[in-house]
Structure formats: structure tokens, C-alpha cells
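Right, one structure below, let's go through it.
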Amino acid sequence: MARVICPFCCNVHDFSAALICPTFSLEVPETYVREYAQVPPLWLMTVGFPQHGKTTYLAALTLTLESMDRVISGLFLRSLGNGHAVIQAMREQAEEGTRPDPTTAAAGEGDAPIQPLLLQVHQMGELGSRCLVLYDVAGESFVSPEAVGRRVPALKQVNTVWFLVSLFDLEQQTEKRTITDLFNVYLSGMEQLRIDVRGWNLIVVYTKSDRATFPPSLVAYLVSDPLTELARTGEPAQNAPLFSIPEYVQEMRAISGALEDYTRSRVRGGPAFVNMVRAKGMNLVFSLTSALGQSPDGDSRYLGHHALPYRILDPFLWALTLERRPPTRGLRLVLCANPGAATGKGPPVAEIWGRLTDHGEVTTHFLGQKRAASVPGQPPPGSATGRSRQRLIGPILHDCGAEERLLVITDGEILDLDDYRQSPWCDRLLLVTVAEEPGSDWPHSIAWRDGDDIEVLIDGLLRL
Amino acid sequence: MSGATLFEYDRAGFPMLWLEDLGAFVHWLPVTKIQCEHFLCDVTDSSFDAAWYDQLLALNPRASPKQIDERNYWRAIVTGVQPAEAERFARWCGEGYSLPTLREWCDVYAACKEVPAQDVAWPDSLPGRVRTLLTKIDLAWRKAAARMGTPQMRADQMLMRLGAMEWVEDVADGYRWGGMGQLHPDFHGLLFTPDHGRSARPTRPEIDRLSYYGFRLLRRPQ
Numbered sequence: 000m001a002r003v004i005c006p007f008c009c010n011v012h013d014f015s016a017a018l019i020c021p022t023f024s025l026e027v028p029e030t031y032v033r034e035y036a037q038v039p040p041l042w043l044m045t046v047g048f049p050q051h052g053k054t055t056y057l058a059a060l061t062l063t064l065e066s067m068d069r070v071i072s073g074l075f076l077r078s079l080g081n082g083h084a085v086i087q088a089m090r091e092q093a094e095e096g097t098r099p100d101p102t103t104a105a106a107g108e109g110d111a112p113i114q115p116l117l118l119q120v121h122q123m124g125e126l127g128s129r130c131l132v133l134y135d136v137a138g139e140s141f142v143s144p145e146a147v148g149r150r151v152p153a154l155k156q157v158n159t160v161w162f163l164v165s166l167f168d169l170e171q172q173t174e175k176r177t178i179t180d181l182f183n184v185y186l187s188g189m190e191q192l193r194i195d196v197r198g199w200n201l202i203v204v205y206t207k208s209d210r211a212t213f214p215p216s217l218v219a220y221l222v223s224d225p226l227t228e229l230a231r232t233g234e235p236a237q238n239a240p241l242f243s244i245p246e247y248v249q250e251m252r253a254i255s256g257a258l259e260d261y262t263r264s265r266v267r268g269g270p271a272f273v274n275m276v277r278a279k280g281m282n283l284v285f286s287l288t289s290a291l292g293q294s295p296d297g298d299s300r301y302l303g304h305h306a307l308p309y310r311i312l313d314p315f316l317w318a319l320t321l322e323r324r325p326p327t328r329g330l331r332l333v334l335c336a337n338p339g340a341a342t343g344k345g346p347p348v349a350e351i352w353g354r355l356t357d358h359g360e361v362t363t364h365f366l367g368q369k370r371a372a373s374v375p376g377q378p379p380p381g382s383a384t385g386r387s388r389q390r391l392i393g394p395i396l397h398d399c400g401a402e403e404r405l406l407v408i409t410d411g412e413i414l415d416l417d418d419y420r421q422s423p424w425c426d427r428l429l430l431v432t433v434a435e436e437p438g439s440d441w442p443h444s445i446a447w448r449d450g451d452d453i454e455v456l457i458d459g460l461l462r463l
Numbered sequence: 000m001s002g003a004t005l006f007e008y009d010r011a012g013f014p015m016l017w018l019e020d021l022g023a024f025v026h027w028l029p030v031t032k033i034q035c036e037h038f039l040c041d042v043t044d045s046s047f048d049a050a051w052y053d054q055l056l057a058l059n060p061r062a063s064p065k066q067i068d069e070r071n072y073w074r075a076i077v078t079g080v081q082p083a084e085a086e087r088f089a090r091w092c093g094e095g096y097s098l099p100t101l102r103e104w105c106d107v108y109a110a111c112k113e114v115p116a117q118d119v120a121w122p123d124s125l126p127g128r129v130r131t132l133l134t135k136i137d138l139a140w141r142k143a144a145a146r147m148g149t150p151q152m153r154a155d156q157m158l159m160r161l162g163a164m165e166w167v168e169d170v171a172d173g174y175r176w177g178g179m180g181q182l183h184p185d186f187h188g189l190l191f192t193p194d195h196g197r198s199a200r201p202t203r204p205e206i207d208r209l210s211y212y213g214f215r216l217l218r219r220p221q
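Next comes the structure, spelled out in C-alpha cells:
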């Protein structure tokens, strides 16, 4: 498979000729492209305040996954791209008994794109094989949403967010920030970037749980992690029952419910946080972890004991379980074919295309031309080339799938649109007329006026 | 339609009837504007531009399938096409497609003119507007034939009569092209019948655009 979603810029590209992201000129791992269908990407992002344990958690997760082959038959990991170096550093830190450097090697600097950690997890039992595309983004980055939008184009692709919060640090820090503050920063950023989070998964990960004051039942769950023994001895506990992912996930659900109760009753700003997330239509679950099983000594990176992770796998299993990505929506943007015509009149096509790509794979056509003017991931050309064409849409519709939706922008009558009245296309095609005369009587049509907001068109199409 | 009737469908989804004696498929109806529009949207020839189709529509305006009735059904057919353009359309359709010769057209006519018209259950897999157009033309033609008291045979159902004149290859007298068919008088006045087996002879077939001349194609399996 050569046409895949690029892990760096999140556009669909054809990598059959060169394994280079055309947007950022970064080399895309050949294995990622070749095994895209068998090991599909799982887009994940961590969001959290500085020093709340994001980097340490990711390191512990990676090392735990590496040892899971002892309890899940057939499982193995492959790091891709710069993941080799990042994971090697994690291993060395584990050997030395230090905690990871808070700045990951993948983070990049300045305005450079934040590169994800690419980690293939093969044959994870019932959950299959996935390639983690993991972004480590500081929550405060969202204070400048345009910058983070530039550096992490994957924001629109990542529909599962690990929301890492250290309750202990929230209590200790002099700023007295709340969990709601962090969510507000994140949400405001996403809203400014016009990214719709409805249906996304928000996995709250209470980090550094060795220091928080959870009820005894939750502490008991934390310390009874069957995988901690694996990390301690390198072998599963003697006479340990076989590791069953479905049973483990069932227990996670009960714990998530208990943590939500705890959040509502004991966490400052907790009720507002839960209400706000639910009001935004996000799926909300909770987990608790301790990446090291202990606290470092003061500000030191050195640990008094070898690090032992507790319940480190829970957020990962939540991500795999919740990630029921809806099938990619097929969208067609159909434009008037005026060879060489100035594009000043009418809605801004490039901007509309960009917004539509947030919601599906966009193919562009010109009326009267069956062949696509641009394929998914490829911006539409400024204008049509070649001969003048009739405004015809039938041959374009002929090749559209039953689930596809069309946004058709025209400055005149479409010759054969009447053929489709009282057909299923009435509910799948939004007609945008640009001419001065009264708009069309097509069932879903909008007359575009200078100064109109393109969101009206996007919302109109997405409602179909 | 009897169980022995075999259809295939061209690249725009329009039916072609298998005629065993001829060893070929023939378009059930003269080529329609919808088929022509598929062609227009697919080819890159500079001559088939918006102005070219405007000329054709000026000669015989377009009717949407749902608007078709006994007073306008010929508007669904593409006419005003010159023979060379029809040949280009045939090449676009694919291998084995061609304009019929006079002999071939007459063979089709002979095979169909004594067979009573029958209802055809078009498959659900046909594009919706194609099915609508086929159904509406069938209804329209039946009403027109009933009003005029003309026979209702398969050849009539295929608009070989009460349809358009159709280009056929008929090399004679220094000309290559002739016309066969019988027009609905409301479409155009031309006293001509295909029953004599001789083609009509337009004076300048490769130059003029005749508003009442269309075509249908044969496909011989390779």
C-alpha cells in the first residue's frame, strides 16, 4: 500500500515513489508504509502540565510493553524511525535507576514539527496489531493554539487523548491550578483551531499515584498489578493466572467508575471537569498509574530503588479499547470549471478544502470532468485547465460511493442536476450557488454572499 | 421481456440487446444525452467543449428523465451529431463498438419489427436516472404510438420508428453516410420509412448539424 496517512503531516500521500513527507521533508519509515493495512496507526497524544509525569509515563509504558511478550503469546514490538534511539535511552535510564529526561528526543525545538514516537505493537491478543503514533505535547502548548496546530498537524487526526494529571502536584503547586484549568486550555486551543472533539476519547491518567491519597480500594487495585511482578523479576509471578485482556479491561471499567466518583467528590474542580467533558460529547474514562512506584529524591533524577511501574498498561488498553474509529468519511468538493479563471469570486476554495480534510478524505472535481482534479491529501488546483466544460455532475456522481457527501460550488446552473431530484442524492449533496440571482431550489442549497463564513458550508455538509 | 432476451450495459449503464442472428449487441435506444454527457466528461478532445454541446442543445434541448413524456421524449436523445463525432463516441465506448452499416441496421430492424413490444424489468443495479429514463421513454412512446395508431412492436419500443433518424454507414454515390429510422412528426417533418431498406441521403452529412439525426451503436464481441 503506497497511499497512507503521513504520521507527520497527517495528509494522505502516495509514498510509492519516495518515503518523504512532502510537507515537512521528514523520512517516513518504510515499515510504517508497507504494513499500514496490517498494523494500522493508533493516534495518541499526551496532554498535561509540565512535571506531571508525561515523559516518565511514556518511558514506563514502552518498557512494560517490551516485556509483555512473556505474558501474551506472539506479542512483539518494533520501534520505527527515531523510536529506536528514544527507546534505547529509556532502557539505559532503567538500567541506571534514573528517571527519563523530561525533554523527549522527539519533541523538536522552536517551530519545528513535533515528531511522534512510532511504535508497532504486534499481536496484542484480542486487540490486534497497531502502530502507536504517539505525540507528547505539553498542555501549555495549547495556550498558543496556532503554534501547536502548525507543529502538530496530527491534532485533527488524534481522537484519543491521554490527559495526564498528577493530583499530588496540583495540590502542591503554588499556582493552585485545577484539572478544569488544564482541560480549558486544551479545549480553547482546539476550538480556536476549529477542531471538533465530539466523539473523541479523553482518558484521564492520574500519574504519580504513589503520592496521591486515593481510597484504599483504589490503592489496592494499584498495588495488585500483575504486571509489576513481571517488571521486577522479568518473569510472570509463579502460579499467576494467564493474562486475559478482556478480564483485565472489565476490571478497568469498574476502577474508572470509582475514579470518576472520586474525581467528583475529592478533586478540586472535579465535578465541573467531568460535566464539561461530557457536555462536549467526549468519551471520558479514568485510570491511575505510578510509572516508577516511588518518588525521586527531591529534584534529583536518581531513584532510591529500581523503578517498578504500576498499572502502567491501563491507559494503553483504554486507548485500544475505545478507539473505534468511524470509517473514513468520503467527501467530494466539486467546483466550476473555468479554465484560467480568477478565483477571487466565491468562497475560498483552498480554505474550504482544508476544513473538509478535518472531517474526511476529500477528492476534488471540476464540473464536467469525470477525472478527479485532486485526490485525497492533495489540495485542489487553483483553476481548471484545458477546454471549457459544461456544468455536468452526472458522471461524477456515477462514480461516487453510497456513503459519500458532496459540496458543490457553482456560479451557474448545473445542466443535469435536475436528473437527481427525488433521488438519494438530495440528502447527500449540498449546493452552493455564487451567482447574484436567487439561490437554487435544490433541497440543500446555500447562496454564497461575500463575507459569509465558510463554517456555514462545512456545517451544512456535515449535517447531511 | 422473454427469458431469452439478453442485455449488456455500456459504460454509461445503458442497455444493449443481444441479437443472435446478427452476432452483436445493439443499443436498445438511440444514444441519449446522458450517455453523451458521460463521454463529454471523460474525453480530453478540445473539440468537445462547452460550445459544442451548446450547439446540440440549441438544436434539440435536453429533457431531464423525470420530465419526459409523449410530447418531448426525443429530447432525451442526442441529435445534431455528425457521423465522425458518432464514430469518436464509439471509440470511447470501447473495443468492438461501431456505427451500424445500412445492412446491419436493417437486420436489427427486421429482427425486431415483427416482435411485439414487451415490458422490460430493468435491473436495480442500473443508475437511478437511467432506469427512470428507460421507463419514462417506454411510457411516452406507447402513448405516442397509441395516439397515432401505429404498431407497438419491439422495433418501435427501441425507437427505430417514432424516434430520430440514425446515422448508418452506406457507401454509395460518393457518400459514406445515410440515415435510417422514422421521425415523430412533432420532432421533425421528414417523409421517410425504413421499410424499403434504403437509407435517407443528407446532402452534407459531414458538414451540417441536423437536429433530428442521432445514432445507435453495435458491439460485436471480439
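Sequences listed follow chains S and F, in order. Just so you know, we're using numbering that gives the first Met the number 0 here: the first sequence kicks off at 0 and counts up by one. Just so you know, we're using numbering that gives the first Met the number 0 here: the second sequence kicks off at 0 and counts up by one. All residues carry an ideal CB built from backbone N, CA and C; glycine is no exception.
Closer than 9 angstroms to chain S by CB, residue i
{"i": "F/R141", "result": "no"}
{"i": "F/I76", "result": "no"}
{"i": "F/K135", "result": "no"}
{"i": "F/P64", "result": "yes"}
{"i": "F/A89", "result": "no"}
{"i": "F/G12", "result": "yes"}
{"i": "F/D53", "result": "yes"}
{"i": "F/R70", "result": "no"}
{"i": "F/S97", "result": "no"}
{"i": "F/R61", "result": "yes"}
Between the CA atoms of residue j and residue i - distance to the nearest angstrom
{"i": "F/L182", "j": "S/T409", "result": "37 angstroms"}
{"i": "F/L16", "j": "F/T4", "result": "7 angstroms"}
{"i": "F/R128", "j": "F/F13", "result": "11 angstroms"}
{"i": "S/P39", "j": "S/L169", "result": "36 angstroms"}
{"i": "S/Q114", "j": "S/V160", "result": "16 angstroms"}
{"i": "S/I351", "j": "S/L456", "result": "8 angstroms"}
{"i": "F/W176", "j": "F/P82", "result": "7 angstroms"}
{"i": "F/Y174", "j": "F/V167", "result": "11 angstroms"}
{"i": "F/D106", "j": "S/P423", "result": "41 angstroms"}
{"i": "F/V80", "j": "F/W121", "result": "28 angstroms"}
{"i": "S/P214", "j": "S/T262", "result": "11 angstroms"}
{"i": "F/R130", "j": "F/R102", "result": "30 angstroms"}
{"i": "F/I76", "j": "F/P115", "result": "23 angstroms"}
{"i": "S/L64", "j": "S/L76", "result": "7 angstroms"}
{"i": "F/S210", "j": "F/N71", "result": "14 angstroms"}
{"i": "F/G148", "j": "F/A163", "result": "19 angstroms"}
Limits of the unbroken beta strand (DSSP E) element including residue i
{"i": "F/Q34", "result": "Run containing F/Q34: none in the beta strand (DSSP E); it sits in the alpha helix (DSSP H), K32 to D41."}
{"i": "S/T356", "result": "Taken as a continuous stretch (DSSP letters only), S/T356 belongs to no beta strand (DSSP E), as it is neither H nor E."}
{"i": "S/E174", "result": "Unbroken run through S/E174: none, as it is neither H nor E."}
{"i": "S/H121", "result": "L116 to H121"}
{"i": "S/L334", "result": "G329 to L334"}
{"i": "F/Y8", "result": "F6 to Y8"}
Chain F within 9 angstroms of residue i, Cβ atoms only
{"i": "S/S187", "result": "no"}
{"i": "S/R77", "result": "no"}
{"i": "S/R420", "result": "yes"}
{"i": "S/R331", "result": "no"}
{"i": "S/K369", "result": "yes"}
{"i": "S/P379", "result": "no"}
{"i": "S/P423", "result": "yes"}
Amino acids of chain B, ordered along the chain, whose beta-carbon sits closer than 9 angstroms to that of residue i
{"i": "S/S387", "result": "The chain labelled as chain B is not found among the protein chains of the depicted structure, namely S and F."}
Cβ-based neighbour list, residue i, same chain, cut-off 7 angstroms, excluding 5 preceding and 5 following
{"i": "S/D357", "result": "K155 and I194"}
{"i": "S/D415", "result": "L391, I392 and G393"}
Close beta carbons around residue i, own chain, < 8 angstroms, minus the five adjacent residues each side
{"i": "S/F372", "result": "It should be pointed out that residue 372 of chain S corresponds to Ala in this sequence rather than to Phe. Cβ neighbours of S/A372 beyond the five flanking positions: L334, T363, H364, F365, P379, P380 and A383."}
{"i": "S/L186", "result": "V196, M275 and K279"}
Own chain residues within Cβ distance below 6 angstroms of residue i, not counting five before or after
{"i": "S/R150", "result": "P112 and I113"}
{"i": "S/A16", "result": "none"}
Limits of the alpha helix (DSSP H) - the one that residue i falls within
{"i": "F/A109", "result": "L101 to C111"}
{"i": "S/R33", "result": "E29 to R33"}
{"i": "F/W121", "result": "Per DSSP, F/W121 belongs to no alpha helix (DSSP H) and is neither H nor E."}
{"i": "S/D13", "result": "Element bounds for S/D13: not the alpha helix (DSSP H) but the beta strand (DSSP E), V11 to D13."}
{"i": "F/R146", "result": "G127 to M147"}
Margin query: Can you pull out the residues from the stretch 17-43 of chain F whose beta carbon lies closer than 8 angstroms to at least one beta carbon of chain S?
Written below: Hits within the stretch, in order: I33, E36, H37, L39, C40, D41 and T43.
Check: Listed in chain order, which residues of the stretch 384-415 of chain S have Cβ atoms closer than 8 angstroms to some Cβ of chain F?
Finding: For the stretch 384-415 of chain S, which is checked against every Cβ of chain F, the residues closer than 8 angstroms are G385, R386, S387, R388, Q389, L391, G393, P394, I395, H397, L414 and D415.
Check: If contact means a Cβ-Cβ distance below 7 angstroms, which residues of the stretch 118-131 of chain F contact chain S?
Finding: Here the close residues are P126, G127 and R128.
Next item on the list: Would you list, in chain order, the members of the stretch 434-453 of chain S that have their beta-carbon closer than 9 angstroms to a beta-carbon of chain F?
Entry: Residues: none.
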